[in-house]
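Residue numbers (my numbering): 726 to 1187. We put the beta carbon where it would ideally sit given N, CA and C, even for glycine.
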């Protein structure tokens, strides 16, 4: 009896080894690529190469949906759009300006607490919508690839857990069900449009398990892209980061930029401290050099965030171009980077810092209602008549609803600032308790701008 059990045990071990070797061969195996496709990823001696219309193509551009002419003029070749609203117009405008487009297809939120993928009717509606969308735009000449979900919270199900799930027959768990629907969406997109890759985007930091889970459970995905900001300085852009199990895989940087609000220093009431526009430009230059100095043949390119203006904690945090089309120092740095122009050729406004009553954002400024305070901004170079100033106060927008949520501009407090057209102003503290920010803007005659802001708190401590 013991001998029989030992033989069965050995057979089981052999079976597991053979199954592991088969899986390894499958996961590391190269897909046969149809090189007649409009866009495809080709394996090369040095890594991977994106091919578009028969020629090598390296992704270089930004995420956003406005000012596409200006984007193309400074050397970009790609724009990423985060939804499909007005997509026909955006594709047409991009094509007119010789820009390729990464089209995001937003997906319903997935977490263990909220999982719409358990609803069969909703899943069928989602599949049909994506099928119609892909069929409608698959032949547009500006289309580069589809992006199925931004910052997807993909379930971490690795090999060992898959075996456990197999033997427990737990195919209908929440995680397995999400993966099943996700894979069906990939299959639909490949079937309807074999000419364009299907990508998905994840957050780069601490992403190794999520990445491996995607490649293990959704092997038909063509590539993964990464959103990364401050941690780009320590993120290793080498194909060796992909585990031995999968071998090298292609990727691109789908978002990068200056420090995000989630990773910035915060004051005592947890309001993030925003860098000046000039500091952001310095970070852009530094991080572009980090991205492009690597010798990673698996990277297909990068997209900076954000082209245009959006409200995310503040209306200036991610603002390369403002709502009037004026350009920040970051715009100028990107132009220098993309067109290989010399450094330090920027002659527009540069903001150093702001003080309120000789204190800065890190000093946890707390004021009483209706107090009169003095604020001042300091700039590089001489202040002259070619520069104009403006000041505003807004309620704090410290509620962040996630990467895929659209936020509205917070309430502006009017009538508080005297003579807002100067570099030094006096302002009346708002009467209502709560957190606020005071913003300063500098404009020149050439359509460039600089910004800085300082959070403060109004407390009625009678």
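Secondary structure of residue i, DSSP reduced to three states
i	result
residue 752	Caution is warranted here: a pLDDT of 48 is assigned to residue 752, below 50, making its placement in the model unreliable, and the coordinate value is therefore given only provisionally. Looking at residue 752 - three-state DSSP - the assignment turns out to be helix.
residue 854	helix
residue 747	The predicted model places residue 747 with a pLDDT of 46, which falls under 50 and marks its position as unreliable; any figure quoted below should be read in that light. The answer is helix: DSSP assigns residue 747 an H, G or I state.
residue 954	coil
residue 758	coil
residue 1010	helix
residue 994	coil
residue 903	helix
residue 894	Residue confidence is low: residue 894 scores 46 on pLDDT, short of 50, so the model does not pin down where it sits. Its coordinate-derived value is still stated next. Note: residue 894 maps to coil in three-state DSSP.
residue 1096	coil
residue 1005	helix
residue 980	strand
residue 1170	coil
residue 1027	strand
residue 862	helix
residue 787	strand
residue 1121	coil
residue 936	helix
residue 1151	strand
residue 724	The question about residue 724 has no answer here: the residues shown for the chain are numbered 726 through 1187.
residue 910	helix
residue 1182	strand
residue 1135	coil
residue 1143	strand
residue 916	helix
residue 868	strand
residue 1104	strand
Nearest-angstrom Cβ-Cβ length linking residue i and residue j, presumed shorter than 8 Å
i	j	result
residue 871	residue 806	Actually they do not touch by this definition, with Cβ atoms about 11 Å apart.
residue 1185	residue 1158	5 Å
residue 1053	residue 1174	6 Å
residue 816	residue 867	5 Å
residue 1149	residue 1099	7 Å
residue 773	residue 1022	6 Å
residue 1075	residue 1105	4 Å
residue 1029	residue 985	That pair is no contact at about 13 Å.
Nearest neighbour of residue i, chosen from the options [CA to CA]
i	options	result
residue 882	1173, 1122, 904, 876	904
residue 1042	1068, 1093, 1080, 1177	1177
residue 949	986, 1007, 991, 1026	1026
residue 913	851, 1046, 1117	851
residue 1135	1161, 1113, 952, 1151	1161
residue 788	819, 770, 1064	819
residue 1181	1142, 1172, 1145, 1120	1120
residue 995	1086, 1139, 879	1086
residue 766	933, 909, 974	974
residue 993	976, 1089, 1046	1089
residue 758	920, 1101, 978	920
residue 1122	824, 1038, 836, 930	1038
residue 1033	764, 796, 1179	796
residue 835	825, 875, 943, 821	875
residue 837	809, 880, 830, 862	880
residue 801	1132, 1058, 1091, 1167	1058
residue 1095	1066, 1063, 1183	1183
Bridge-paired residues (DSSP) for residue i
i	result
residue 1165	1116, 1177
residue 873	830
residue 769	772
residue 959	DSSP output for residue 959 lists no bridge partner at all.
residue 781	776
residue 1188	Residue coverage of the chain in this structure runs from 726 to 1187, which leaves residue 1188 outside it and unanswerable.
residue 1160	1182
Inside the stretch 1030-1095 only - alpha helix (DSSP H) runs reaching at least 4 residues: Qualifying alpha helix (DSSP H) stretches, in chain order: 1054-1063.
Whole beta strand (DSSP E) elements within the stretch 801-849, 3-residue minimum: Counting only runs that start and end inside the stretch 801-849, the beta strand (DSSP E) elements of at least 3 residues fall at 803-806, 825-830.
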